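Residue numbers (this note's numbering), protein chains in the order written: chain A, 1 to 144; chain B, 145 to 283. By construction, the Cβ of each residue, glycine as well, lies at the ideal position given by its N, Cα and C atoms. These figures come from a predicted structure and were not determined experimentally. Data first, discussion second: the structure below is written as structure tokens.
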């Protein structure tokens, strides 16, 4: 015969995720100490800085024409396969996401087979954005 | 003919041994890929597209005087270069030799190390498909 404890304990078999609970508590306090708006402002500035720098480079297609960003820059390099670009950037220590981003309908809307996406967080810096731009120019030099 | 496949690979290994920098290897592949003849629009069909590749790869094969004639193209510059190497090694060879070929140049040139895991899987798929096509000619 099995008897069940009341809710929520009947669904809490085993050791709870104590370390996870402590970690997320610390993470929330960390974010709150910095401030969500401060983080957003920083990321927005960083993304705009990157977009401006990339806009000065040639042969780059951008898809976000709204002027508003949420921490990412998506683009393609003309006549260069996105996966190739991502692989070479990776060799230079620059991590971008390539492909359809699990968003095939969006790719179809823009008429592309994929995009390259650089994603920024509060840990990133303008120096890293500069490295991305430099890396992209190197990819273009190599593959065009 | 098996010796020819082996010799071709040894020549590739020798050529690439001077390219120690991964950047140089990618540049070499890019240049090689440009030399591969383009497929026609008709040849770049769904039927000729290889499954399971991150980039698009098309492959056509035909048998001519007991030798397999291979044509291939990819929308990836780097894979196009790899295709150029594979075709250099395997094109115009008897199907039995293609099926039995040990393509050691892929590891000995360090090419497989410089591909991402999904790209390495894609390359493995390309090799399997090349051999499968050759096997079809044997029956």
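is_contact[residue i, chain A] using C-beta, thresh 7 Å
| i | result |
| --- | --- |
| residue 190 of chain B | no |
| residue 198 of chain B | yes |
| residue 265 of chain B | no |
| residue 161 of chain B | no |
Under 8 Å by beta carbon: chain B residues contacting residue i
| i | result |
| --- | --- |
| residue 142 of chain A | 167, 170, 171, 174 |
Same chain, Cβ closer than 8 Å to residue i, five either side skipped, listed in chain order
| i | result |
| --- | --- |
| residue 92 of chain A | 131, 135, 138 |
| residue 145 of chain B | Its pLDDT being 49, under 50, residue 145 of chain B is placed unreliably in this model, and the value from its coordinates should be taken loosely. The answer, listed in chain order, is 237, 238, 241. |
| residue 213 of chain B | 205, 206, 207, 235, 236 |
| residue 57 of chain A | 133, 136, 137, 140 |
Chain-ordered neighbours of residue i on chain A, where CB pairs are closer than 9 Å
| i | result |
| --- | --- |
| residue 222 of chain B | 81, 83, 84, 87, 88, 143 |
Residue i CB to nearest heavy atom of the ligand ATP below 6 Å
| i | result |
| --- | --- |
| residue 9 of chain A | With respect to the ligand ATP, the structure offers nothing, as it holds no ligand at all. |
Cβ shell of residue i (< 7 Å), same chain only, five flanking positions each side left out
| i | result |
| --- | --- |
| residue 143 of chain A | 80, 84 |
| residue 112 of chain A | 76 |
| residue 276 of chain B | none |
| residue 22 of chain A | none |
| residue 210 of chain B | 238 |
Beta-carbon neighbours of residue i, restricted to chain B and to distances below 9 Å
| i | result |
| --- | --- |
| residue 91 of chain A | 166, 167, 170, 258 |
Proximal chain A residues relative to residue i, where beta-carbon distance stays under 8 Å
| i | result |
| --- | --- |
| residue 219 of chain B | 81, 113 |
Reference residue i; option with closest CA among the options
| i | options | result |
| --- | --- | --- |
| residue 255 of chain B | B:270, B:271, B:169 | B:169 |
| residue 114 of chain A | A:105, A:47, A:121 | A:105 |
| residue 182 of chain B | B:201, B:172, B:258, B:245 | B:201 |
| residue 176 of chain B | B:278, B:222, B:258 | B:222 |
| residue 272 of chain B | B:259, B:258, B:227 | B:227 |
| residue 45 of chain A | A:68, A:35, A:95 | A:68 |
Assumed close pair residue i, residue j - CB separation to whole angstroms, cut-off 8 Å
| i | j | result |
| --- | --- | --- |
| residue 220 of chain B | residue 199 of chain B | 4 Å |
| residue 51 of chain A | residue 72 of chain A | That pair is no contact at about 10 Å. |
| residue 157 of chain B | residue 269 of chain B | Actually they do not touch by this definition, with Cβ atoms about 23 Å apart. |
Own chain partners of residue i with C-beta closer than 6 Å, once the 5 adjacent residues on each side are dropped
| i | result |
| --- | --- |
| residue 150 of chain B | none |
| residue 279 of chain B | 243 |
| residue 42 of chain A | 122 |
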